[in-house]
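Have a look at the structure below before the remarks.
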């Protein structure tokens, strides 16, 4: 027994000697605050104010005022000398390498390649890293007011996530990318962004979205045209399939994509466990018919759709423009009248509408256009397959002679009314006289946007604009029939944003003098729209890249701003089959107005002009 104890003691002694002889791990030491200090901050992660606050914390603790350098200061690659404190992830390889392995709520404070990195993959994570540095790392400042750090003390914060691990076909989600076509539809783009958001929320990893070709990464999400096995052929259908480490997703319409997005947000990644493994037996299919809110197919002679598309310059124009065109494509109106058609939206939407078979009503150059623009912001488009344009016109109502109608000025002078309403030259009417290709029925359709402000003088401006507009189009219709030797009364439909309400005199003035009626009043009360045409503005979420809106119309239809008015004289020559407003996702997320459309059955009494 004594021999065993002695042997054990000897072994312990030898082990102690071996441990004592091991070289001590020193790590990489780095002086980051000495006689001077340099702080490089990424302008996409850190604001100037945040960078200055960070520098002030260093100065307060050490007396050294850091030199602040922003990532935008460099032409070409970002440079940082040894000992620089880097905030965020500028275009600098050392920072990229360190942060590339982090999930979106993680952050680091530590020595990497001779520099000191403070940051994470997002602005929020970087802000928390900066707070950690100020509260903890600065406590290491020595009596000489310098700060030397060591890589052995690097700090990493790991956030909490719904899924600690997600694999598809045995491949970790961090090895995946999202692949969409070179020219994706708005639905494909939104699906890719929603997928990206779901994965980031549940796992912390932000997958790249690649356009144009399949990725070379270990795992792939393929959307739309890039799908090889997933098929969706029925109306509004969708399909999601998994084969090994490839997930394919496609849909037949925007409604199919909305339903597919529901699968991504509520089903595909749902798990009560902290880990989830998806494989080939995971598949989803179905249709999005429940998301259709209006009557898709017209059963009349003509369908007209009017929409104020909100000409704002905020956020991602392309996505909003794409959503609107996709929405119109589902309802396929014969006439589309738009308002607030800004130059950038024009650039994006006109080619897309042309691809659907629409042409724009041409308007001649007119100095009264909006500013120096040579086109109207109240355009009118027509579907060349179903209707033919015979004559067209445009009139800027903002700069009209208000003195032409002294009986409508209500005690104000013509100059006072003009001064009140002249600021926005987008207030106009664009009109066209059309012939249906089936039956040769004639009608005039116009797109208008009227003055908008509250107050007596502003409502009078609208009243005068309405009278001028009614006189112009009524004259145009009568003149055309006379020139063609035709009798009868041509139906005239003026739709758009009238910026008036049923409680205002301007609304009721449409029924006087040259009388026009809002055609929803031609429908039974229970068949009229119940809600307002306007709702909250959509908001662009820069973090997700998505246009969003909760989808709630304002109050009641009495406070609508958008209408279709028609000449009362032609009332008995046609039937209003329906008038509907679209309350669905793309309408809410695309503008602060919902589209309004009417289906019309043109009767035998409507003047006709057979094709020559």
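Residue numbers (the working numbering): 38 to 649. Ideal Cβ positions, reconstructed from N, Cα and C, are used throughout, including at glycine. Keep in mind it's a predicted model, so treat the numbers as computed, not measured.
Assigned exposure category for residue i - 16 Cβ within 10 Å defines buried
{"i": "residue 604", "result": "buried"}
{"i": "residue 100", "result": "exposed"}
{"i": "residue 189", "result": "exposed"}
{"i": "residue 643", "result": "buried"}
{"i": "residue 116", "result": "exposed"}
{"i": "residue 574", "result": "exposed"}
{"i": "residue 266", "result": "exposed"}
{"i": "residue 376", "result": "buried"}
{"i": "residue 311", "result": "exposed"}
{"i": "residue 112", "result": "exposed"}
{"i": "residue 523", "result": "exposed"}
{"i": "residue 135", "result": "buried"}
{"i": "residue 450", "result": "exposed"}
{"i": "residue 429", "result": "buried"}
{"i": "residue 165", "result": "buried"}
{"i": "residue 370", "result": "buried"}
Sequence-distant residues of the same chain with beta carbon closer than 7 Å to residue i, five excluded per side
{"i": "residue 232", "result": "215, 258, 301"}
{"i": "residue 570", "result": "597, 598, 599, 618, 630, 631, 633"}
{"i": "residue 195", "result": "143"}
{"i": "residue 330", "result": "619, 620, 621"}
{"i": "residue 552", "result": "605"}
{"i": "residue 16", "result": "Outside the displayed span of the chain (38 to 649) sits residue 16, for which this structure offers no information."}
Option in the options with minimal Cα separation from residue i
{"i": "residue 421", "options": "392, 622, 234", "result": "392"}
{"i": "residue 306", "options": "235, 324, 366, 244", "result": "235"}
{"i": "residue 32", "options": "640, 283, 491, 483", "result": "No answer is possible for residue 32: it lies beyond the span of the chain, which begins at 38 and ends at 649."}
{"i": "residue 274", "options": "281, 285, 295, 256", "result": "295"}
{"i": "residue 583", "options": "223, 558, 525", "result": "223"}
{"i": "residue 568", "options": "609, 546, 616", "result": "616"}
{"i": "residue 540", "options": "506, 585, 491, 578", "result": "491"}
{"i": "residue 170", "options": "145, 149, 65", "result": "145"}
{"i": "residue 382", "options": "347, 399, 410, 411", "result": "347"}
{"i": "residue 349", "options": "379, 85, 328", "result": "379"}
{"i": "residue 122", "options": "141, 174, 328", "result": "174"}
{"i": "residue 592", "options": "610, 611, 566", "result": "566"}
{"i": "residue 415", "options": "263, 385, 374, 95", "result": "374"}
{"i": "residue 148", "options": "400, 68, 103", "result": "68"}
Rounded straight-line distance, which links the Cα of residue j to that of residue i
{"i": "residue 562", "j": "residue 466", "result": "29 Å"}
{"i": "residue 353", "j": "residue 626", "result": "12 Å"}
{"i": "residue 406", "j": "residue 362", "result": "25 Å"}
{"i": "residue 290", "j": "residue 458", "result": "42 Å"}
{"i": "residue 497", "j": "residue 486", "result": "15 Å"}
{"i": "residue 242", "j": "residue 139", "result": "8 Å"}
{"i": "residue 720", "j": "residue 359", "result": "For the chain, the structure presents residues 38 to 649; residue 720 sits outside this window and is missing."}
{"i": "residue 577", "j": "residue 355", "result": "12 Å"}
{"i": "residue 469", "j": "residue 426", "result": "7 Å"}
{"i": "residue 635", "j": "residue 479", "result": "17 Å"}
{"i": "residue 608", "j": "residue 532", "result": "16 Å"}
{"i": "residue 313", "j": "residue 319", "result": "12 Å"}
{"i": "residue 180", "j": "residue 65", "result": "21 Å"}
{"i": "residue 247", "j": "residue 261", "result": "13 Å"}
{"i": "residue 187", "j": "residue 154", "result": "12 Å"}
{"i": "residue 342", "j": "residue 560", "result": "17 Å"}
{"i": "residue 160", "j": "residue 226", "result": "24 Å"}
{"i": "residue 639", "j": "residue 212", "result": "60 Å"}
{"i": "residue 528", "j": "residue 244", "result": "55 Å"}
{"i": "residue 82", "j": "residue 127", "result": "8 Å"}
{"i": "residue 137", "j": "residue 588", "result": "37 Å"}
{"i": "residue 434", "j": "residue 333", "result": "34 Å"}
{"i": "residue 652", "j": "residue 229", "result": "The chain is shown from 38 up to 649; residue 652 falls before or after that span and cannot be answered."}
{"i": "residue 521", "j": "residue 481", "result": "15 Å"}
Chain-order list of residues whose beta-carbon lies under 6 Å from that of residue i (same chain, five-residue window excluded)
{"i": "residue 106", "result": "77"}
{"i": "residue 390", "result": "418"}
{"i": "residue 151", "result": "119"}
{"i": "residue 535", "result": "487, 600"}
{"i": "residue 288", "result": "269, 275, 294, 297"}
{"i": "residue 509", "result": "432"}
{"i": "residue 208", "result": "255, 256, 282"}
{"i": "residue 240", "result": "198, 200, 203, 210"}
Proximal residues to residue i (C-beta, below 8 Å), its chain only, five neighbours per side dropped
{"i": "residue 538", "result": "544, 595, 596, 597, 598"}
{"i": "residue 42", "result": "Only weak support is given to the placement of residue 42: the predicted model assigns it a pLDDT of 46, under 50, and the value that follows is read from those uncertain coordinates. Taken in chain order, the list of residues that qualify is empty."}
{"i": "residue 602", "result": "530, 531, 532, 535, 547, 553, 554, 555, 556"}
{"i": "residue 511", "result": "529, 551, 604"}
Entirely enclosed beta strand (DSSP E) segments - the stretch 526-583, minimum 3 residues:
529-534, 553-555, 576-578
Can you list the alpha helix (DSSP H) stretches of 4 or more residues lying completely in the stretch 108-165, in chain order?
The qualifying runs are 130-137.
Contiguous alpha helix (DSSP H) assignments of at least 4 residues, all confined to the stretch 176-257
223-240
Within the stretch 273-331, ranges of the alpha helix (DSSP H) (whole runs, at least 4 residues):
291-303
Curious, which full-length beta strand (DSSP E) runs of at least 3 residues does the stretch 464-489 contain?
465-473, 479-486
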